[in-house]
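Down below is the structure, laid out as structure tokens.
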DNA sequence: GTCTATAGGAAGATAGAC
DNA sequence: GTCTATCTTCCTATAGAC
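Protein chains in written order, with my numbering: chain X, 1 to 192; chain V, 193 to 384.
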């Protein structure tokens, strides 16, 4: 069984998914994890440290289902679509991650200390996406006139927009996935 | 000069733009507005009522610059672009509104009582956008094969995604506007 | 309508025993 | 390492005077 710290971090993800980063109460987390508040302070120093560590934990976990999503892709264009769709799934872990990610971005508007992490992760994601766009072009599966970085930046930003609507109850996940697939078609042009 | 309530509401917008909905402290607002906390409770009953009224106030104000953006549009396609770009401007009021809107969406993930307002406003915005897409098609300025509602839903969601990146410091406003213009081109196809 | 003063209740953080 | 108990700070909300 995992150690106490890991148990607390897993509980923290659940609490953040339920109440948000700013709604995270150390006492709630203690109850969720079945430990005392003092233990949390012992392991994580203070609330800010706890949040920091939880965000890093979430990021690591995301790598898992992202790579999983790429398994079995037919070609580069298919891989691109799968990568993007992997953020829009009604799965426990994905939803938790999406909520946390959205909260992180929303919180970073008011809290500089959260921006570093965020900007870096965003850039990585955009870069990976742009590479798949370029691969698709090289394989003759996408319009050669489009700029991979522009397309990647738009598609990933669209995922974030759709995700926000999904999680805030304006859009169901199936419709979001459909819209995203349509955007990929519009951006890359017909398969040649 | 406006009455006290309006002064408080204007101050509340500034405080929300600076600290977020969940970061709004009645005491901060009192200082910003130059009144006592008691007066705020006198006029708005409680914190929730204050937030509610402020959000409505922000919505009303947004109608102003939205309509302004449509002035001088050359044609339906141009009007569509202007409508969308009006959310991405480095102007005091627009930035304040964008921050508040993003916060509202982010908060609604955890607070059901905020969803009603949000879902309705989103639907209206998407509908107005879809109408402009249909107008552009009728005027021969957009590909007739695209579904106006799908395009509108994607473009408005993209605006929200770009706006989130802009406000959280991942993207500057000029780049965001450029990317958005590119998306309109990709979605509507070349002018015919 | 508006203020000063303060009650009352969360929530973060720590002391000290085990 | 982990807990119980508690300190302290911050924040919403109200009482009561003007």
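Don't be surprised by glycine CBs; every beta carbon is placed ideally from N, CA and C.
This one's a predicted model, so the numbers in the text were calculated from it and none came from an experiment.
Short CB-CB distance (under 9 angstroms) between residue 61 (chain X) and chain V: Nearest CB-CB separation between residue 61 (chain X) and chain V: not below the 9 angstroms threshold.
Under 8 angstroms from the C-beta of residue 57 (chain X): neighbouring residues of chain V: Within 8 angstroms Cβ-Cβ: nothing; residue 57 (chain X) doesn't reach chain V, min ~20 angstroms.
Where residue 174 (chain V) meets chain X, residues with beta-carbon distance less than 9 angstroms: Residue 174 (chain V) lies beyond the range of chain V shown here (193 to 384); nothing can be said about it.
Residue span of the alpha helix (DSSP H) that contains residue 348 (chain V), given as start and end: Counting along the chain, the alpha helix (DSSP H) containing residue 348 (chain V) begins and ends at 340–359.
Cβ-based burial, residue 353 (chain V) [other Cβ within 10 Å; buried from 16]: Per the 10 Å Cβ criterion, buried.
Cβ-based neighbour list, residue 194 (chain V), same chain, cut-off 8 angstroms, excluding 5 preceding and 5 following: 202
Collapsed DSSP secondary structure at residue 302 (chain V) in the structure displayed: coil
7 angstroms Cβ shell around residue 125 (chain X) - same chain, five flanking residues per side excluded: 156
Span separating the alpha-carbon of residue 21 (chain X) from that of residue 107 (chain X): 8 angstroms
Within chain X, the residues that residue 215 (chain V) reaches when beta carbons sit closer than 8 angstroms: 22, 110
At least 3 beta-carbon pairs within less than 8 angstroms: the segment 126–136 of chain X vs the segment 264–281 of chain V: no
Cβ distance (whole Å) where residue 110 (chain X) is taken to contact residue 215 (chain V) below 8 angstroms: Right, their Cβ atoms sit about 6 angstroms apart.
Contact set between residue 373 (chain V) and chain X, taken where Cβ atoms lie within less than 7 angstroms: Listed along chain X is no residue with a C-beta nearer than 7 angstroms to that of residue 373 (chain V); the closest approach is about 10 angstroms.
7 angstroms Cβ cut-off: residues of chain X touching residue 342 (chain V): Simply 179, 182.
Within 7 angstroms of chain V by C-beta, residues of the segment 111–130 of chain X in sequence order: 115, 118, 119, 122
Closest by C-alpha distance to residue 65 (chain X), when choosing among X:154, X:91, X:174: Ranking X:154, X:91, X:174 by Cα distance to residue 65 (chain X) puts X:91 first.
Beta-carbon spacing of residue 199 (chain V), residue 218 (chain V) below 9 angstroms: no
CB of residue 277 (chain V) within 9 angstroms of CB of residue 373 (chain V), strictly: Yes, Cβ-Cβ distance for residue 277 (chain V) and residue 373 (chain V) is below 9 angstroms.
Distance, residue 226 (chain V) Cα to residue 263 (chain V) Cα: One C-alpha to the other measures close to 37 angstroms.
Where residue 250 (chain V) sits in the DSSP three-state scheme: helix
Neighbour list for residue 32 (chain X) in chain V, Cβ cutoff strictly below 9 angstroms: Neighbours of residue 32 (chain X) on chain V: none; closest Cβ ~15 angstroms, over 9 angstroms.
Residue 176 (chain X) and residue 163 (chain X) closer than 9 angstroms at C-beta: Cβ distance < 9 angstroms, so residue 176 (chain X) and residue 163 (chain X) count as in contact.
Anticipated Cβ contact below 8 angstroms, residue 165 (chain X) with residue 187 (chain X), distance rounded: In fact, because the Cβ distance is near 19 angstroms, the residues do not count as touching under 8 angstroms.
N- and C-terminal bounds of the alpha helix (DSSP H) containing residue 204 (chain V): 196–211
Residue span of the alpha helix (DSSP H) that contains residue 121 (chain X), given as start and end: Note, residue 121 (chain X): alpha helix (DSSP H), 115–138.
Residue 335 (chain V) (DSSP reduced to helix, strand or coil): coil
is_contact[residue 158 (chain X), chain V] using C-beta, thresh 9 angstroms: yes
Every unbroken alpha helix (DSSP H) inside the segment 31–99 of chain X [4 residues or more]: 37–44, 47–70, 76–85
Under the three-state DSSP convention, the category residue 188 (chain X) falls into: Here residue 188 (chain X) sits in helix by DSSP.
Residues near residue 336 (chain V) by beta carbon distance below 7 angstroms, same chain, minus five either side: Excluding positions up to five away in sequence, the list reads 329.
For residue 367 (chain V), the three-state DSSP class (helix, strand or coil): helix
Own chain partners of residue 383 (chain V) with C-beta closer than 6 angstroms, once the 5 adjacent residues on each side are dropped: 333
Short CB-CB distance (under 9 angstroms) between residue 219 (chain V) and chain X: no
Chain X contact for residue 338 (chain V) (CB, 9 angstroms cutoff): yes
Proximity test, residue 337 (chain V) beta-carbon vs the ligand NAD heavy atom, cut-off 8 angstroms: As far as ligands go, the structure on display features none, and thus does not contain the ligand NAD.
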